[in-house]
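The numbering of the sequence shown is my numbering, which starts it at 199 and goes up by one. Here is the structure we will look at, set down as structure tokens.
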Amino acid sequence: MRITIVIPVFNEEACLAGTLKSLQTLRQHGHEIIVVDGGSDDGTVAVASSLADRTMAAAKCRAQQMNAGAAGATGDVLLFLHADSQLPADAIAAMETALRGGARWGRFDVSIEGRPAVLKLVAWMMNARSRLTGIATGDQGMFVGRESFLQCGGFPSIMLMEDIALSKLLKRRAGPPACLHQRIVTSGRRWERHGPWRTILTMWRLRLAYALGADPDQLARHY
């Protein structure tokens, strides 16, 4: 089972090198890394060019960037990873076990790295909510068989909530996700920059508005 890891980026020079260096062992074992840039004006592309199998360009829209990476992928399974996230050591083995056991898509649990103690609670809530609803978020490293991804038409081309939208499509067409207990470690920089409670309330408000039918492209302006 060959995995293609797709990483959408925009001005991620500061954290991308660490993420890509942590994935080099996977490249040595035949897995593929594709970085899709959304128009960075820092050193992001230079970092990606030396540490990824392929660097692509797309419009500055995470959904479109991930779809572009998926279109260029050669792997059997697609894993969508944020530029500031680190996979667990046994990520590939856990994915293969889940997929060979009948799952067609899934995600990992997440840990959020940062100073505020409340981030542990945030991660716990994210993981619990995901298990309850069968909805995955980008921070959790969504993975899906390439065929199932194509059958769903990929990520809807929206500026926000693309992970939730794809999760709903996959639930309907491919069944519930495999919710892996192995943890991706992601940066808490967003929560630290804007304040953890303010960020939590903002995300709840945006998710509620989306659930009630708000236009995700309009919501992205408040993200």
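Don't be surprised by glycine CBs; every beta carbon is placed ideally from N, CA and C.
- Excluding residues up to 5 positions away in sequence, 380 lie with their Cβ nearer than 8 Å to the Cβ of residue 288 in the same chain.
- The Cβ atoms of residue 243 and residue 235 sit closer than 8 Å to each other.
- The beta carbon of residue 386 lies closer than 6 Å to those of 310, 311, 312, 317 in the same chain, with the five residues before and after it left out.
- For the pair residue 206 and residue 264, the CB atoms are nearer than the 8 Å cut-off.
- Boundaries of the beta strand (DSSP E) around residue 377: 376 to 385.
- Under the DSSP assignment, residue 309 falls in the beta strand (DSSP E) whose first and last residues are 303 to 311.
- If the five residues before and after residue 308 are omitted, its C-beta is found closer than 7 Å to the C-beta atoms of 321, 324, 325, 337, 338, 381, 382, 384, all from its own chain and listed in chain order.
- Taking all protein chains in view, the Cβ of residue 239 is surrounded by fewer than 16 other Cβ atoms within 10 Å, so the residue is classified as exposed.
- By the Cβ neighbour-count rule, residue 303 is buried, with 16 or more other Cβ atoms within 10 Å of its own.
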